[in-house]
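In this note's numbering, the protein residues as written are 222 to 526.
Quick reminder that beta carbons are idealized off the backbone N, C-alpha and C, glycines included.
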Ligand code: PSU
Ligand code: MN
């Protein structure tokens, strides 16, 4: 495994020293946001992790290695590469390593690589899930499977309604994934603080979430935890308005025949266009908010043993 892992010296030291580390994904950089906002956001999110007492570990695949701690010029190159980079989900990883391609890692693959490196907390924007119409397309993100088998806690702002939220929650339940509302009883809908659906359990402090992660580990449970952290009130978008734009984006995707792994990036970009960039401003705010919470959870977690 170590033949394929390249951990930066800072992160290697932090892990060996028992310091809190937070994993960050890179599909959000390559496929989730345009340049240069993707680079600015990646840097800002790393700073938020540091400000909240943890070491950031941005993860991507390049040159036949899984890189943990992508920074400086390498991060800039990745951000500029954007959609030209591959999108690495679990099933892509070995092929991308063999071919030596550059890839952003999805939630699934970032979890996988974080677990290999010994990182247990991960911050992102939103997870992949069950797409609308999945009853005929079977389009269900590998993120949901990964959450069932890899012991990493994922802090996200819920799932945006490009997805079928109730079906996503059902699959998480089938997969044995605890869905925690961070300071809320409502499952958040990414741009909006509520989706109309609830969470299994509400926890209000980083210490409580850390205790849950530690308990799952003590029970030798294989899977992860989904920590759903609503977008801050001030940054939330009007639910009806954004849902209208999302519906329009989905209709456009159908008209253009966009499917499979291109669907999520297409929808994100189309929603950006249809909201005159408002979706991007909200997206950046919620990712930073998740990074802060993840850092505090990671800091609490290293104190549990
Ligand atoms: N949802 C977002 N922004 C994103 C993604 C999802 O709001 O950038 C990315 C994440 O990397 C996620 C991936 O893991 O899309 C899911 O893709 P798919 O549905 O093809 O599994
Ligand atoms: Mn898919």
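Per-residue burial, residue i [other beta carbons within 10 Å of its own, 16 or more giving buried]
i: residue 333; result: buried
i: residue 314; result: buried
i: residue 277; result: buried
i: residue 524; result: exposed
i: residue 360; result: buried
i: residue 487; result: buried
i: residue 246; result: buried
i: residue 425; result: exposed
i: residue 347; result: buried
i: residue 526; result: exposed
Secondary structure of residue i, DSSP reduced to three states
i: residue 453; result: coil
i: residue 343; result: strand
i: residue 269; result: helix
i: residue 447; result: strand
Strand pairing of residue i, partner residues [DSSP]
i: residue 277; result: 243
i: residue 384; result: 352
i: residue 422; result: 401
i: residue 379; result: 410
i: residue 326; result: 309
i: residue 282; result: 287, 324
i: residue 374; result: 342, 446
Whole-angstrom C-beta distance between residue j and residue i, which should lie under 8 Å
i: residue 349; j: residue 251; result: Actually they do not touch by this definition, with Cβ atoms about 15 Å apart.
i: residue 412; j: residue 457; result: 7 Å
i: residue 435; j: residue 241; result: So it is not a contact: roughly 13 Å between Cβ atoms.
Any 3 or more C-beta pairs closer than 8 Å across the segment 375–395 and the segment 458–467: yes
Three or more C-beta pairs below 8 Å linking the segment 355–368 and the segment 255–270: no
Touching by the beta-carbon criterion (3+ pairs, under 8 Å), the segment 469–488 and the segment 389–408: no
Validate contact between the segment 325–341 and the segment 414–431 using beta carbons, cut 8 Å, 3 pairs: no
Three or more C-beta pairs below 8 Å linking the segment 309–327 and the segment 280–295: yes
Cβ contact check for the segment 367–375 and the segment 389–398: 3 or more pairs under 8 Å: yes
Segment contact, 8 Å Cβ cut-off, at least three pairs: the segment 438–445 with the segment 497–516: no
Cβ pair count under 8 Å reaching 3, the segment 231–244 against the segment 480–492: no
Segment contact flag, the segment 259–272 with the segment 511–524, C-beta cutoff 8 Å, min 3 pairs: yes
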